[in-house]
Amino acid sequence: MSARTVLVCGVGLMGHGIAQVMAQAGHVVRAYEPERSRAEAGVDRIRGNLERSVAKGRLGAGESAGILERITICGSVEEGAAGIDLAVEAVFEDEDVKRDLFARLDAAAPEAAILATNTSSISITRIAGAARPERRPRVVGMHFFSPVPVMPLIELIRGDETSDATEAQIRDIADELGKKVIVSRDRPGFIVNRILMPFLAESMRAYEEGLGTAEDIDTGARIGLNHPMGPLELADFIGLDVCLSIMKVLHEGLDQPHFAPPRVLTDLVEAGHLGQKTGRGFHSYPRDAS
258 MSARTVLVCG VGLMGHGIAQ VMAQAGHVVR AYEPERSRAE AGVDRIRGNL
308 ERSVAKGRLG AGESAGILER ITICGSVEEG AAGIDLAVEA VFEDEDVKRD
358 LFARLDAAAP EAAILATNTS SISITRIAGA ARPERRPRVV GMHFFSPVPV
408 MPLIELIRGD ETSDATEAQI RDIADELGKK VIVSRDRPGF IVNRILMPFL
458 AESMRAYEEG LGTAEDIDTG ARIGLNHPMG PLELADFIGL DVCLSIMKVL
508 HEGLDQPHFA PPRVLTDLVE AGHLGQKTGR GFHSYPRDAS
């Protein structure tokens with residue numbers, strides 16, 4: 258394996274994990290956030306993850322130090338994109354934000370660089386439309402799952418113009434990361450969220466109707482369905498704002514009522530209760546929950 262230079266745009270919940278696994282695989286990683294303090298916070302989370310791995314004997318102290326040395330913070334998209342082989346976008350699930358970023362990446366990155374988006378629901382073809390026509394064969398969906406260092410899956414989504422060579426390179430990178438690849442057509446929600454979001458939405462409606470408490474609904478799924486997490490705690494973990502955004506994309510794109518966001522979800526998001534990251538969602542969490 259030859260080391261690649263990888264730019265990760267957005268180093269929050271998903272992005273810091275993507276940066277970590279890329280660096281663990283031996284790649285040189287540049288981390289970008291518009292606010293440097295947020296990039297520093299992302300690197301601090303990576304440092305904490307690695308320290309826990311060292312404490313558990315899963316990683317040597319020297320290995321941990323080497324991983325961190327391969328991650329640097331860059332001050333702009335243009336600085337970060339210079340000379341890269343791959344950019345992975347992991348910003349908020351908003352199409353306009355992503356398209357704006359892809360236009361900047363396209364202008365700054367080398368012609369051969371692949372531009373990947375970690376979107377969990379938005380059309381790859383529409384995101385690729387922000388780039389020049391000659392770049393679009395090298396735009397692809399590379400959807401990771403949280404927590405990225407633990408979850409062994411990548412959803413690969415081809416846009417209308419994504420090339421076979423781009424898919425092959427993403428498969429190679431996924432192998433280096435120890436991830437299994439599944440391939441989805443470019444349809445709203447792709448495979449995993451097309452299945453997951455109606456389940457979460459129906460669980461929210463059951464809660465909304467008073468069918469059971471949040472605790473009982475989650476316990477029912479964990480024990481009765483053998484799920485590792487209940488649907489409401491999973492929604493809190495994902496982020497209720499993220500769930501709402503994905504459900505809106507599914508509902509608008511597929512026009513089926515079971516994809517409509519439940520009222521209780523909209524109310525919680527409007528109140529600023531976004532799940533674990535704010536300390537309250539369908540459940541309450543200590544402020545230091547991660």
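If you read the sequence shown in the numbering used here, its first letter stands for residue 258, the second for the next number, and so on.
For glycine and all other residues, C-beta sits at the position ideal for the given N, C-alpha and C.
Beta carbon of residue i nearer than 8 Å to that of residue j
| i | j | result |
| --- | --- | --- |
| H284 | A322 | no |
| T375 | M408 | Looking at the sequence shown, residue 375 is not Thr but Asn. No, these two residues do not count as a Cβ contact at 8 Å. |
| G487 | D475 | yes |
| E350 | S502 | yes |
| A370 | L413 | no |
| I341 | A280 | no |
| P404 | G274 | yes |
| R392 | L372 | yes |
| E352 | I330 | no |
| P445 | L511 | yes |
| V345 | V440 | no |
| L525 | G538 | yes |
| P514 | A458 | no |
| V300 | A288 | yes |
| V286 | V263 | yes |
| A388 | F359 | yes |
| M271 | A365 | no |
Where residue i falls, given that 16 or more other Cβ within 10 Å makes a residue buried
| i | result |
| --- | --- |
| S547 | Low confidence applies here, because S547 scores a pLDDT of 45, under 50, leaving its location unreliable; read the following figure in that light. With fewer than 16 other Cβ atoms within 10 Å, it is exposed. |
| N306 | buried |
| N450 | buried |
| D421 | exposed |
| V268 | buried |
| T470 | exposed |
| R395 | buried |
| S460 | buried |
| P406 | buried |
| S294 | exposed |
| V363 | The sequence given here has Asp at residue 363, not Val. With 16 or more Cβ atoms within 10 Å of its Cβ, D363 is classed as buried. |
| I495 | buried |
| S377 | buried |
| R315 | exposed |
| G319 | exposed |
| V506 | buried |
N-terminal and C-terminal residue of the alpha helix (DSSP H) that residue i is part of
| i | result |
| --- | --- |
| F516 | From DSSP, F516 is part of no alpha helix (DSSP H); its letter is neither H nor E. |
| S377 | Unbroken run through S377: none, as it is neither H nor E. |
| S294 | 293-312 |
| A338 | 334-338 |
| V449 | 449-465 |
| L362 | 352-365 |
8 Å contact criterion, which residue i and residue j should meet: CB distance rounded
| i | j | result |
| --- | --- | --- |
| A540 | D498 | Residue 540 is actually His in this sequence, not Ala. Not quite, the Cβ-Cβ distance comes to about 16 Å (not below 8 Å), so this is no contact. |
| I452 | K436 | That belief does not hold up - the Cβ atoms of I452 and K436 are roughly 19 Å apart, past 8 Å. |
| V397 | T419 | 5 Å |
| M454 | F516 | 7 Å |
Residue i - partner residues in DSSP beta bridges
| i | result |
| --- | --- |
| R537 | G532, S541 |
| M329 | Residue identity check: residue 329 is Thr in the sequence provided, not Met. T329 is bridged to R287. |
| L410 | K437 |
Start-to-end residues for the beta strand (DSSP E) that takes in residue i
| i | result |
| --- | --- |
| C500 | Run containing C500: none in the beta strand (DSSP E); it sits in the alpha helix (DSSP H), 497-511. |
| H273 | No beta strand (DSSP E) holds H273; the alpha helix (DSSP H) holding it covers 272-281. |
| K437 | 437-441 |
| G398 | 396-401 |
| V345 | 343-346 |
| T262 | 262-266 |
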